[in-house]
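K.L.:
The structure's right below; bear with me while I get my questions together.
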Amino acid sequence: MYQPLADLLRPQTLDQVYGQEHILGTGAVLRRLIDSGNIPNMIFYGPSGTGKTTVANIIAKQTNRTLYKLNATTASTADIKDIVAQLDTFMAPNGVLLYLDEIQSFNKKQQQSLLEHIENGKITLIASTTENPYFYVFNAILSRSTVFEFKQISAGAALQAIHRAVKFLEERTALKAQPESGALEYIAGACGGDLRKAMNAVEVLFSAGDPKEGTLTLTLEDAKAVTQKSAMRADRDGDNYYDLLSALQKSIRGSDPDAAVYYLARLLEAGQMQSACRRLMVIAAEDVGLAFPQIIPIVKSCVDMALMLGMPEARIPLGDAAVLMATSPKSNSGHLALDAALADIRKGKGGDFPRHLQNVHADTYTMEREQGYLYPHDYPNHWVKQQYLPDELAGTRYYEYGSNKLEQAAMQYWQGIKKP
């Protein structure tokens, strides 16, 4: 029966697990917990292919616990009841170690069905999720569990695993592999930190190769073919999608054009052009704003061009927009002013409009004919002092001029006009 290479080479000891030294290295907390044999309820959080299932298998092996595996996407409460029925029997004399994959797919009732048994220790829960557990796992489970984050595998760690896979396949096939320069390194980078994808790519290269005289050439072209799009994690329902959008905005806000185009490229490669367009327009107003207000119609034009052109040409105006904003002066003074005003409104502050700001047509229905409104265009510099905020908020300042050149020039202009 066929067994995937990733499963054949699944690590059997913690020392064979790649890329998680921060939790499994010598002296790390999870490593010490496993070595002690006193395993608490745990939640493993991280991307696919980073070793979560493998570590659960190793824990079960080292602690001599009966291991049950459920995938929350297909399992039900009945499956949990079947496991509970095994407790205190010869099938599970030392209790059960339950590995629940994709726990975020369980609803509240299903998650709560575990509570009694994980509290008394008869079931030790190891749940895994690719989504942020603090958003997707209910508090009752979280409060009884310790969360460990599995990091995306680095290209260097992935390359070590790939060399191990190549050596294994050489021994199994009796072929001598000759990777072209950069072929294995390309797989290590393009797998996106997912060792399972890296193993699959190596297996496909061996299976589809054309050996000659006992030698199998692993070409860079084939490596690119078997890893295309594999590094793109941007599922609209997943954390990674929002992480990408956040990284794009924070890179532009931080005035780093290199990071900006990198994260934009990842979104485009993942087929999320419309999401990238929306986020670029938000950035124009939120992060560049009044420091360069012309940026707003410029970015809107770039987005309109992109939506009209479609990919791959759309990347050109979108790249221009990202670099232009990353290298522009920044100001968030406009939206901070509005947020401050919104906060006061939500607190109930305000009151009636000043009489002189009311609609002039209201005068035809009242005895109070004269509003007392002063028309600014009738005065020097098109300005005259009068109150605009409600009486309760008179004198309140929401807007503070930003430190950029444009807003400072505006501040000096109005200070000269409005001076007492």
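To convert, note that position 259 of the sequence shown is 260 in our numbering; the numbers rise steadily by one, no gaps.
Think of the CB as a built atom: it goes at the ideal place given N, C-alpha and C, for glycine as much as any other residue.
(1) By alpha-carbon positions, which one of Ala141, Leu319, Leu25, Leu375 ends up nearest to glutamine 113?
(2) Helix, strand or coil: how does DSSP classify isoleucine 127 here?
(3) Between which residues of its own chain and alanine 323 is the CB-CB distance below 6 Å, once the five residues before and five after are set aside?
(4) Compare the Cα-Cα distances from alanine 202 to each of Gly417, Asn405, Pro5, Ile418 and report the closest residue.
(5) Using a 10 Å radius around the Cβ and a threshold of 16 neighbouring Cβ atoms, would you call glycine 193 buried or exposed?
(6) Short check: CB of alanine 199 to CB of isoleucine 163, under 8 Å?
(7) Based on the DSSP output, what are the partners of phenylalanine 149 in its beta bridges?
(8) If we count the other Cβ atoms within 10 Å of its Cβ and call it buried at 16 or more, is histidine 378 buried or exposed?
(9) Grouping DSSP H, G and I as helix and E and B as strand, with all else coil, what is glutamine 17?
(10) Rounded to the nearest angstrom, what separates valine 56 and valine 18 at their Cα positions?
(11) Do you know whose CA, among Pro391, Leu98, Asp8, Thr328, lies nearest phenylalanine 354's CA?
(12) Return yes when the Cβ of phenylalanine 293 is within less than 8 Å of the Cβ of phenylalanine 149, no when it is not.
(13) Quick check on DSSP: helix, strand or coil for aspartate 102?
(14) Using C-beta distances below 6 Å, list every residue in its chain close to leucine 246, excluding the 5 sequence neighbours before and after it, in chain order.
(15) Cα separation between asparagine 333 and isoleucine 284?
(16) Between aspartate 36 and glycine 255, what straight-line distance do the alpha-carbon atoms span, to the nearest angstrom?
(17) Would a C-beta distance cut-off of 8 Å place proline 134 and leucine 143 closer than the cut-off?
(18) Going by beta carbon distance, what residues of the same chain come within less than 8 Å of isoleucine 59, once the five residues before and after it are set aside?
(19) Can you check the region 181 to 249 for any alpha helix (DSSP H) of at least 4 residues that lies completely inside it and give the ranges in chain order?
(20) Classify serine 302: buried if its beta carbon has 16 or more other beta carbons within 10 angstroms, exposed otherwise.
(21) Which one of Ile299, Trp384, Leu394, Asp259 has the shortest CA to CA distance from lysine 419?
(22) Just reading off the alpha helix (DSSP H) that lysine 70 is part of, what are its end residues?
(23) Classify alanine 271 as helix, strand or coil using the three-state DSSP reduction.
(24) Could you round the C-beta distance between leucine 98 and arginine 145 to whole angstroms and report it? I think they count as a contact, below 8 Å.
(25) Secondary structure at glutamine 113, three-state DSSP: helix, strand or coil?
(26) Cβ of valine 138 within 8 Å of Cβ of glutamine 105?
(27) So, using beta-carbon positions, are alanine 248 and cysteine 278 closer together than 8 Å?
(28) Suppose only complete runs of 4+ residues qualify. What are the alpha helix (DSSP H) ranges in the region 284 to 314, listed by chain order?
(29) Starting from arginine 33, trace the alpha helix (DSSP H) both ways and give me its first and last residue.
P.N.:
Looking at the atomic coordinates:
(1) Taking the sequence shown and counting its residues from 1, the one referred to as residue 113 is at position 112. Looking at the Cα atoms, Ala141 is the closest of the given residues.
(2) Indexing the sequence shown from 1 puts residue 127 at position 126. Strand at isoleucine 127.
(3) Residue 323 sits at position 322 when you count from the first residue of the sequence shown. Excluding sequence neighbours, alanine 323 sits near Ala261, Val262, Leu265.
(4) By 1-based counting over the sequence shown, the position of residue 202 is 201. Taking only the C-alpha atoms, the option nearest alanine 202 is Pro5.
(5) Position 192 of the sequence shown, counting from 1, holds the residue named residue 193. Classification for glycine 193: buried.
(6) The sequence position of residue 199 within the sequence shown is 198, counting from 1. The sequence position of residue 163 within the sequence shown is 162, counting from 1. Result yes, Cβ atoms of alanine 199 and isoleucine 163 sit closer than 8 Å.
(7) Start at 1 with the first residue of the sequence shown, and residue 149 comes out as number 148. Beta-bridge pairing links phenylalanine 149 to Phe45.
(8) Translated into the one-based positions of the sequence shown, residue 378 becomes position 377. By the 10 Å Cβ count, histidine 378 comes out exposed.
(9) For the purposes of this step, residue 17 is taken as residue 16 along the sequence shown, with counting starting at 1. Helix, per DSSP.
(10) As a first step, residue 56 is located in the sequence shown; it is residue number 55 there, counting from the start. As a first step, residue 18 is located in the sequence shown; it is residue number 17 there, counting from the start. Their Cα atoms are separated by approximately 8 Å.
(11) Residue mapping note: residue 354 aligns to position 353 of the sequence shown, counting from 1. Among Pro391, Leu98, Asp8, Thr328, the Cα nearest to that of phenylalanine 354 is on Pro391.
(12) In the sequence shown, the residue the question calls residue 149 occupies position 148. In the sequence shown, the residue the question calls residue 293 occupies position 292. For phenylalanine 149 and phenylalanine 293, no; Cβs fall outside 8 Å.
(13) Residue numbering aside, residue 102 sits at position 101 when the sequence shown is read from its first letter. In the structure shown, aspartate 102 sits in a strand (DSSP, three-state: E or B).
(14) In the sequence shown, the residue the question calls residue 246 occupies position 245. Same-chain partners within the cutoff: Arg280.
(15) Translated into positions along the sequence shown, residue 333 becomes position 332. Translated into positions along the sequence shown, residue 284 becomes position 283. Rounded to the nearest angstrom, the two C-alpha atoms are 10 Å apart.
(16) Taking the sequence shown and counting its residues from 1, one reaches residue 36 at position 35. Taking the sequence shown and counting its residues from 1, one reaches residue 255 at position 254. Using only the alpha carbons, I get a separation of about 43 Å.
(17) Working through the sequence shown from its first residue, we reach residue 134 at position 133. Working through the sequence shown from its first residue, we reach residue 143 at position 142. Yes. Within cutoff.
(18) Translated into the one-based positions of the sequence shown, residue 59 becomes position 58. Counting only Cβ-Cβ distances below 8 Å, and skipping sequence neighbours, we find Pro12, Gln13, Thr14, Leu15, Val18, Ile35.
(19) 184 to 191, 196 to 209, 221 to 228
(20) Taking the first residue of the sequence shown as position 1, residue 302 is located at position 301. Exposed is the call here.
(21) The residue given as residue 419 occupies position 418 in the sequence shown. Minimum Cα distance to lysine 419 is reached at Trp384.
(22) The residue labelled residue 70 in the question sits at position 69 within the sequence shown. Here lysine 70 belongs to no alpha helix (DSSP H); instead the beta strand (DSSP E) covers 67 to 72.
(23) Here residue 271 is taken as the residue at index 270 of the sequence shown, counted from 1. Three-state result, alanine 271: coil.
(24) As a working mapping, residue 98 is identified with position 97 in the sequence shown. As a working mapping, residue 145 is identified with position 144 in the sequence shown. The pair is not a contact, with the Cβ atoms about 15 Å apart (cut-off 8 Å).
(25) Counting from one through the sequence shown, the residue named residue 113 turns up at place 112. Helix at glutamine 113.
(26) Residue 138 sits at position 137 when you count from the first residue of the sequence shown. Residue 105 sits at position 104 when you count from the first residue of the sequence shown. Against a cut-off of 8 Å, the Cβ pair of glutamine 105 and valine 138 comes out as a contact.
(27) Here residue 248 refers to the residue found at position 247 when the sequence shown is read from its first residue. Here residue 278 refers to the residue found at position 277 when the sequence shown is read from its first residue. Cβ distance not < 8 Å, so alanine 248 and cysteine 278 don't count as in contact.
(28) 296 to 310
(29) Sequence index remark: in the sequence shown, residue 33 carries index 32 (1-based). Where arginine 33 is concerned, the enclosing alpha helix (DSSP H) stretches over 30 to 37.
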